[in-house]
Amino acid sequence: MSVSQNPSEAATSPQEREARYNPSEIEPRWQQRWAEQPELYAMEPASSNKPKYYVLEMLPYPSGQLHMGHVRNYAIGDALARYMWMQGHNVLHPMGWDAFGLPAENAAIKNNTPPREWTLSNIAAMKRQMDRLGLSYDWRNEVTTCLPDYYRWNQWFFIRMFEKGLAYRKKSKVNWCPQCATVLANEQVINGYCWRHEDQLVEQRDLEQWFLRITNYAQELLDDLGKLDGWPEKVRTMQQNWIGRSEGTEVEFDLEDSASAPEDEERERGKGTEVLPFLETSKKTGKKIAVFTTRVDTIFGATSVQLAPEHPLVKEFAASDEKLASEVTSLIEQQKKAREAGDIGEIEKHGVFTGHYAINPFSGERLPIWVANYILLDYGTGAIMSVPAHDERDYEFAKKYGLEVRIVILPRRTIDPETGKDAEPMLPYTAEDSLLINSGDFNTLGNEEAQKKMAAFAEEKGFGKATVTFRLKDWGVSRQRYWGTPIPMLYCEKDGIVPVPDDQLPVLLPDNVAITQENGSPLGRVPEFVNATCPKCGGPARRETDTMDTFVDSSWYFYRYTSAKDDKAPYDSDAIAYWFPIDQYIGGVEHAILHLIYSRFWTKMMRDLGLIKNDEPVQRLFTQGMVIKDGSKMSKSKGNVVSPDDMIARYGADATRAYALFAAPPDRDLDWQEDGVAGVSRFLSRVYRFVNRYAGYTGGAAQSTPASQALQRKLHQTIAKITIDFSGRWHFNTCIAAIMELVNTLTAAEPAIAAGEVSDAVLADTLRDLVLLLAPFAPYLSCELWEKIGGQGELLRTPWPKADESLAKEDAIEIPVQVNGKLRSVVRIAADADQDTTRDAALADEKIKAALEGKQVVKLILVPGKLVNFVVK
RNA sequence: GCCUGGAUGGCGGAAUCGGCAGACGCAGCGGACUUAAAAUCCGCAGACCGCAAGGUCGUGGGGGUUCAAGUCCCCCUCCGGGCACCA
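In our numbering, the protein residues as written are 1 to 873.
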């Protein structure tokens, strides 16, 4: 049998002849139209009398490819922006590129493409993808951080900070990632691993680096978390932990003037439990060991002093004690390994007695000084008093080395009923609510009171004071890389560190720099860059060759959006005053303590420079969930990546975006199922065909037929539901489900429409509002259909439909009727039926009659409009 | 270890204030249209018992409060995320 032409083609059914939803035809057409009217998505000036709304999504790194996480992020932001426009706001919805960073250098090495070229072509590609998605960005204020018109202001800020002492240079132990071949900030080290290279352990190196004094703001950053009630609790807690404020007391212990290296026998003595008696002041060396403790109330229980292996005093001790030196080296090694492996909390505790003693200023006792691998140099003072009875770590250590355990606090009211004496607590005993014993003049005090009195005592006697310690460290911003903002500093033999004068900014990043994996800044190998003139003395100067951490770029980019083209200032203060704070910021939770803490710091710094008025950049923060496929996060290494381009090609941008919103509430993880995208696409297709089919139904007065009323009811219920959700809950998945229900209702009403039971005007209104409701979620289709039904004016500026409560109201409702809490029947009654009517209707029901047969009703629960429950015996 | 989010049909999820558990969608099954298929449309669909009417069970597990619990309280299990010798 040969294949022949289809004879029935001419006789296709009316539905087959209907226009087919074809996103690959609709979407490019509208893209072009939107591209031709950039004012469509433009912000209006501050003089606008509309309420402002600044909606911001985190700017991407231009890797060259959008991934589904981006699509989800932008779909959420875009829906909100479009809704806000329709609600009559002046919307700022900008986008930009976090365009400096290491991948560009790696690409340069791999493909021999200059970083700038690689980055700019990636930006062009991703911008095309964004445009295909139909995102409503105001590209006129695009920010690209790798361009001099942006990074010059990084340099400008840096110099302002230098002038204020907020940017400074110091030598210190820093995190070094061998793969990045550069230093990392503390925030960029995740459990000892590099934040960009999940398998790369970070090393510690001693380097001289630039730091920003974020610790000046530690307290304010902490306090103001309280103001951020539009932020997820989770993020606030994470920042709070990161800042890590702890209140305590710093106490100075005198160093005893003791012998040099101890004999082996004496080394053993330090391990003994005996705390040696009071020593005269004449034996003091004048040297002090500062110790930080949050539990000064337990200081009489201290039985040793423990130093971090890298504590300067340890170096001193070790200088004249070879045996100690070698043991310390091994302790340092252990600590380094543990830190690098990210399990510093799990290594076995090791320590060694130094042969030296310190004097407890409260008790006058001499305590052996030990070095231990669990003491961190960079927290507190790098030294602790060890109180084994009341600290878990000290207890573990003391047990191992046989140090004395002395109880100095007891729980309140724990008299042993048999002996009539205080019961000994289980050790280590660390409770806050306790009483002091064996503590000299401080006996019987409650621990909280004791802490206050002891701190005051220490201060009075001059050997200590109450202090606050933060875990947060200053932000190391130097990077030994090429593709970043040059740090605008000069080193002059005569004048020392000199900032580049403002009128010489920007310090341009030179092109044609050989990028290699060698250590040291690539810029250091460019003599034209390095050799400069000192602006003070006119003599030769060397230029700083490190560049800035790229988190500097993203710390203030959202200010630049309000006046991205300004070449006189980083931004326009009036515009900032109008637009800030950002009304809604949307992004992944992975930046909770990186970008989001730096940004808060930067804002406070700018405020203190007198540049802006606001204390915080972001009013409301939303952190979306991850995109999951087959049970794990989409990633190249897992091979479960779904390409947005692929989805768009197959189902269209509208379906792809709408699915990203439909499959889960935005704050939860989203399971990507391609069949689901197909389902959403089918839904859009139904809408398309339905609206086209009835686009001609217009005009006339609304007639109040039952079918019309039913349609209006569903419509206004849908409007109300979606409007409420936009106001805060953001469960767009149920919004889209509600629109699907509305469309199902419309489809089911087709016979009634055909029978003329639905008034044309009502049908027309319903279609019109349906198109408007769909606009935030499927903008292409909405615009197409808006035109089809003869919508006047720009869809984006058309007011969002208003729910009419009286139309939304049901006139008859179904009430569940229970007997003893079990559902037995459902009765249909008028929505405004009173209690008696409701009860009578329930009693009249046959099934209820049967269920109540022979029983005695002891109680009647009647919740108006909700339910009836007969409690029977 | 501490903090946090979660666990609901075969799957994604819904139930916003303690009041009909499973909206909406996917996959599945049956039917219409078609020579056939695709597309589309209509219908069924938590589990178990039953021809049916109907009944019993059911929101990770155990207890409790209540006329009524996915929802509130107590205890526990598992999964995800964050922090972790921070003195």
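Think of the CB as a built atom: it goes at the ideal place given N, C-alpha and C, for glycine as much as any other residue.
- Take Ile214, set aside five residues on each side of it, and the residues of its chain with a beta-carbon closer than 7 Å to its own are Leu472, Asp474, Trp475, Phe601, in chain order.
- For Glu57, the CB contacts under 6 Å within the same chain, skipping 5 residues up- and downstream, are Asn73, Tyr74, Gly77, Ile586 in chain order.
- For the pair Val405 and Arg236, the Cα-to-Cα distance works out to about 39 Å.
- Listed in chain order, the non-local C-beta contacts of Pro38 below 7 Å within the same chain comprise Trp139, Arg140, local neighbours out to five positions each way being set aside.
- Here DSSP, grouped into helix, strand and coil, assigns Asp254 to strand.
- The criterion of a C-beta distance shorter than 8 Å is satisfied by Tyr561 and Gly96.
- Looking at Met454, Ala541, Pro499, Pro522, the one whose alpha-carbon comes closest to that of Cys492 is Ala541.
- Along the stretch 105 to 173, the alpha helix (DSSP H) occurs as fully enclosed runs of 4 or more residues at 115 to 133, 148 to 163, listed in sequence order.
- Among the bridge pairs identified by DSSP, Gln204 is matched with Asn175.
- Put simply, the stretch 322 to 336 touches the stretch 348 to 364. At least three CB pairs are less than 8 Å apart.
- Excluding five sequence positions before and after Ile243, the CB atoms of its chain that fall closer than 7 Å to its own CB belong to Ala218, Leu221, Leu222, Phe470, Arg471, Leu472, given in chain order.
- Annotation: Thr623 to Leu715 spans about 31 Å, alpha carbon to alpha carbon.
- Within the model, the alpha-carbon separation for Leu684 versus Phe777 is close to 11 Å.
- Taking all protein chains in view, the Cβ of Thr298 is crowded by 16 or more other Cβ atoms within 10 Å, so the residue is classified as buried.
- In chain order, Thr485, Pro486, Ile487, Pro488, Val500, Leu505, Pro506, Val507 place their CB closer than 8 Å to the CB of Gln155, counting only its own chain and leaving out the 5 sequence neighbours on each side.
- Using a Cβ distance threshold of 8 Å, Leu255 and Ile289 count as a contacting pair.
- In the three-state scheme derived from DSSP, where H, G and I count as helix and E and B as strand, Asn820 is classed as coil.
- In this structure, the alpha-carbon of Pro801 lies about 18 Å from that of Leu746.
- Runs of the beta strand (DSSP E) spanning 3 or more residues and lying entirely within the stretch 358 to 439 occur at 366 to 372, 383 to 386, 409 to 411, 434 to 436, in chain order.
- For Pro428, the number of other beta carbons within 10 angstroms of its own is at least 16, and it is reported as buried.
- DSSP places Ala678 in the helix class (H, G or I) of the three-state scheme.
- Separation of Thr705 and Gly631 (C-alpha to C-alpha, rounded to the nearest whole angstrom) is 51 Å.
- Beta-carbon to beta-carbon, Thr294 and Ser246 are separated by about 6 Å, close enough to satisfy the 8 Å threshold.
- Per the C-alpha coordinates, the member of Leu785, Pro51, Pro617, Gln200 positioned closest to Arg693 is Leu785.
- Per the C-alpha coordinates, the member of Asp495, Ile628, Arg479 positioned closest to Cys177 is Arg479.
- Counted as a single uninterrupted DSSP element, the beta strand (DSSP E) harbouring Gly464 occupies residues 464 to 470.
- Phe601: member of the alpha helix (DSSP H) spanning 595 to 608, first to last residue.
- In terms of Cβ geometry, Leu594 and Gly230 do not form a close pair [threshold 8 Å].
- The C-beta distance from Pro535 to Pro581 rounds to 37 Å, too long to meet the 8 Å contact threshold.
- Across the set Trp85, Ala46, Gln65, the C-alpha of Trp85 shows the shortest separation from the C-alpha of Phe726.
- The Cβ atoms of Gly524 and Thr545 sit closer than 8 Å to each other.
- Buried is the label assigned to Glu250, since at least 16 other Cβ atoms lie within 10 Å of its Cβ.
- In this model, Leu66 and Ser643 are separated by some 8 Å (Cα to Cα).
- Membership of Met43 in any alpha helix (DSSP H) is not indicated, and neither H nor E is assigned to it by DSSP.
- Exclusion of the five residues before and after Leu313 leaves Ile289, Leu307 as the residues of its chain whose Cβ lies within less than 7 Å of its Cβ.
- Shown here, Gly652 sits in coil according to DSSP, grouped into three states, outside any helix or strand.
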